[in-house]
Amino acid sequence: MFDLKTINAVLEQLEQEKGIPREKIIEAIGMALASAYKKEYGQKGQIIKADFDINTGTANFSQIKIVVDDSIVRLEGEDEDEEEIEEDEEGEEKKPRFNPEQHIMIEDAQKIKKNAELEEEIVFPLEPKDDFGRIAAQTAKQTIIQKIREAEKSSVFHEFGGKQEEIISGTVQRIERGNIFVDLGRATGILPYEEQIRSEKYKQGERVRAYLYSVEETPKGIFLRLSRTHPQFLKKLFEIEAPEIASGIVEIKAIVREAGSRSKIAVFSHDEHIDPIGSLVGQRGVRVSTIVSELGGEKIDIIEWSEDIKKFIEDALSPAKIVSITLNEDEKTAFVEVSEDQQSLAIGKGGQNVRLAARLTGWKIDIKGIGGKETGEENKEDSTKGEEEEISEEVVSNEEIKEDEVKISKESATDKKEEETL
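No gaps in the numbering here: position 165 of the sequence shown is 165 in full-length UniProt numbering, and each next residue is one more.
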C-alpha cells in the first residue's frame with residue numbers, strides 16, 4: 001500500500017528535525033486510513049479502526065461495535081414522543097437510537113464473546129479492499145499531513161511551555177506595524193510594540209533576547225509572546241549574572257521599571273554574611289553594568305529590603321538626602337521632608353524617582369521641601385499614582401508589601417556601585 005522505504009525515511013526525518021515521535025506519526029497514519037476507508041466503503045454511524053503495520057506497509061481494517069441493551073439505546077418500534085415526554089419529566093438525557101452499524105445487543109454479543117459486558121467494544125474484521133482507490137489514498141494523504149501538523153504543534157507547545165517565564169534568544173525575522181517577529185527555531189515569537197524598550201531599534205537578522213511570558217495554543221498555531229519591558233525580564237537577567245540570586249541566597253523582593261529609563265530593585269539576603277546589594281552590583285560593578293548594557297542604558301537602583309518602612313522609603317528615594325519621614329498608616333501615606341536643594345533630586349525628572357519609590361514601597365509619598373512647597377501624589381502632575389501612569393511594575397513576593405514586610409537599603413545602587421569601584 002505504501003513505499004516503506006520512503007515512509008520510514010519521512011518518519012526518521014520528522015523525528016530528528018521536528019522532534020515528533022515516530023509512534024505518533026504511525027498512529028496518525030492509522031487514523032487517516034480508517035477515515036479514508038469509511039469515506040469510500042463505510043456506512044453512517046460506523047466506527048472504523050485501522051491497524052497500520054510499518055514493517056509490511058499494510059493495514060488491517062476492523063469495525064467496532066459497542067455492547068448495549070434497552071437501558072442504553074432506544075429500540076425500533078418504541079414510541080419516541082412518549083419516551084421523550086417521560087425523559088423530559090425525569091430530567092434525563094434522551095437515549096440514542098439503536099444503530100446496527102454502531103451497536104450490538106448484549107445477547108448477540110455474548111454469542112460471540114461469552115463474558116461480554118455492557119459498553120464493551122466488540123471488534124469485527126473487515127475485508128481488505130484491493131481497489132482502495134485514488135480518492136481514498138488522497139484523503140489519507142491529506143489527513144496524514146494534518147495529523148503531522150497537529151503532532152508538531154503539540155510538540156512545539158510542550159517544548160516552549162517548559163521555557164515559559166524564562167529568557168530565550170532568537171533572530172529578528174521581520175518587523176510589521178512595529179511588532180517584531182523573532183525566529184526561535186521551531187517556532188516564531190512575537191515581541192509586541194508595547195513590550196519593546198522605546199530607545200531600541202532592531203534590524204532583520206539581528207539577535208535579540210527577551211522574556212517569554214506567554215505560550216498560547218490556538219487553532220491558527222502556537223503564539224509565543226515576548227517582552228523586554230517585563231519586570232521579570234530584569235529579574236531573570238540578574239539570575240544569570242548573579243549566582244547568589246539563582247541559588248536563592250539573595251532574593252529579589254520587588255521590582256519596578258520604567259523600561260529603558262530607570263528601575264528600582266529591593267533585595268534581601270538569607271545569609272547575613274552575604275551582601276545582597278554587592279551580589280547584584282558585582283566586583284567593580286561588572287554584573288550590573290552587563291545588565292545596564294543589555295537594557296540600552298537603563299539605570300538600575302538597588303536597595304536592601306527591610307521591615308523598617310521609614311528607612312525603606314528613605315533609601316527608595318535615594319540619592320536624595322531625607323530630613324524626616326512621618327507616616328499615616330491608615331492611609332498608607334508617607335510625608336517626607338527634604339531640604340530645598342534636595343527636593344528636585346527626591347522627586348526626579350518628571351517625577352520619576354518619587355514615582356518609582358512609591359511603587360517599590362507600596363506607600364503614597366508626599367515630598368515637601370523645608371521652607372518650600374509640598375509636592376505629593378495628589379497635587380502634582382508628575383506624581384506617584386500608578387493608575388495614571390504607564391509603568392511596568394511587579395511585586396515579586398507572594399503577598400502585598402505591607403508596613404511590616406517592606407525592605408530597605410543602606411545606600412542607593414549608585415552609591416554602592418561607586419563604593420564597589422573604589
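Virtual Cβ for every residue (Gly too), placed ideally from N, Cα, C.
Taking only the alpha-carbon atoms, compute the straight-line gap between residue i and residue j and give it to the nearest angstrom.
| i | j | result |
| --- | --- | --- |
| residue 423 | Glu337 | For residue 423 there is no data in the structure shown, the boundaries of the chain being 1 and 422. |
| Arg97 | Glu217 | 37 angstroms |
| Arg177 | Gln164 | 25 angstroms |
| Pro219 | Ala50 | 27 angstroms |
| Gln63 | Leu11 | 27 angstroms |
| His326 | Arg207 | Position check: residue 326 holds Thr in this sequence, whereas His was assumed. Whole-angstrom Cα-Cα distance: 49 angstroms. |
| Glu298 | Ser214 | 24 angstroms |
| Glu304 | Ala254 | 10 angstroms |
| Gly205 | Arg22 | 33 angstroms |
| Ile300 | Ala259 | 10 angstroms |
| Phe61 | Gln46 | 12 angstroms |
| Ile112 | Val68 | 14 angstroms |
| Phe238 | Gly282 | 11 angstroms |
| Ile252 | Lys235 | 7 angstroms |
Could you give the DSSP three-state label for residue i: helix, strand or coil?
| i | result |
| --- | --- |
| Ile144 | helix |
| Glu231 | The amino acid occupying residue 231 in the given sequence is Pro; Glu does not appear at that position. Residue state, collapsed to three classes: helix. |
| Val73 | coil |
| Thr6 | helix |
| Glu400 | With a pLDDT of only 36 at Glu400, under 50, the local geometry of the prediction cannot be trusted, and the value read off the model is given with reservation. Three-state result, Glu400: coil. |
| Leu295 | coil |
| Glu217 | strand |
| residue 424 | Residue 424 falls outside the range modelled here, since the chain spans only 1 to 422, and no answer is possible. |
| Tyr202 | coil |
| Glu132 | For the sequence presented, residue 132 should be read as Phe rather than Glu. Reduced to three states, the DSSP call for Phe132 is coil. |
| Ala259 | coil |
| Glu389 | Its pLDDT being 40, under 50, Glu389 is placed unreliably in this model, and the coordinates cannot settle the point. |
| Lys264 | strand |
| Asp88 | Low per-residue confidence applies at Asp88: pLDDT is 46, beneath 50, and the placement is therefore not dependable, though the value from the model is reported in the following sentence. Asp88: helix per DSSP, three-state reduction. |
| Gly170 | strand |
The alpha helix (DSSP H) with residue i in it runs from where to where?
| i | result |
| --- | --- |
| Pro276 | Pro276 to Val281 |
| Thr361 | Gln352 to Thr361 |
| Pro243 | Pro243 to Ser247 |
| residue 433 | The requested residue 433 is not part of the displayed model; the chain covers only 1 to 422. |
| Gln102 | Note, Gln102: premise wrong, no alpha helix (DSSP H); not H, not E. |
| Glu314 | Ile309 to Ala316 |
Measure from the C-beta of residue i to each C-beta in chain B and report whether the shortest distance is under 8 angstroms.
| i | result |
| --- | --- |
| Val256 | Structure shown: chain B not included; a single protein chain is present. |
Out of the options, state which residue places its alpha-carbon closest to the alpha-carbon of residue i.
| i | options | result |
| --- | --- | --- |
| residue 470 | Ile167, Phe233, Ala187 and Gly348 | Examination of residue 470 is not possible in this model, given that the chain is present from 1 through 422 alone. |
| Phe335 | Trp363, Gly350, Ser318 and Gly348 | Trp363 |
| Phe233 | Phe268, Gln196 and Lys201 | Gln196 |
| Asp53 | Glu101, Ile72 and Leu33 | Leu33 |
| Ile104 | Leu118, Lys114 and Lys95 | Leu118 |
| Glu15 | Arg149, Gly285, Val123 and Gln138 | Arg149 |
| Arg174 | Val182, Ile167 and Phe124 | Val182 |
| Ile145 | Ile29, Ser199 and Ile167 | Ile29 |
| Ile25 | Gly282, Glu251 and Lys141 | Lys141 |
| Leu345 | Lys368, Pro125 and Gly185 | Lys368 |
| Val73 | Lys44, Ile106, Gly42 and Ala59 | Ile106 |
In terms of residues, what are the limits of the beta strand (DSSP E) holding residue i?
| i | result |
| --- | --- |
| Glu337 | Thr333 to Val338 |
| Lys49 | Ile47 to Asp53 |
(message) Counting beta carbon pairs with one atom in the segment 186–200 and one in the segment 226–233, are three or more of them shorter than 8 angstroms?
(response) Contact between the segment 226–233 and the segment 186–200 is present, with at least three C-beta pairs closer than 8 angstroms.
(request) Determine, using beta-carbon pairs with one atom in the segment 264–277 and one in the segment 351–367, whether at least three such pairs fall under 8 angstroms. (result) Yes, the segment 264–277 is in contact with the segment 351–367.
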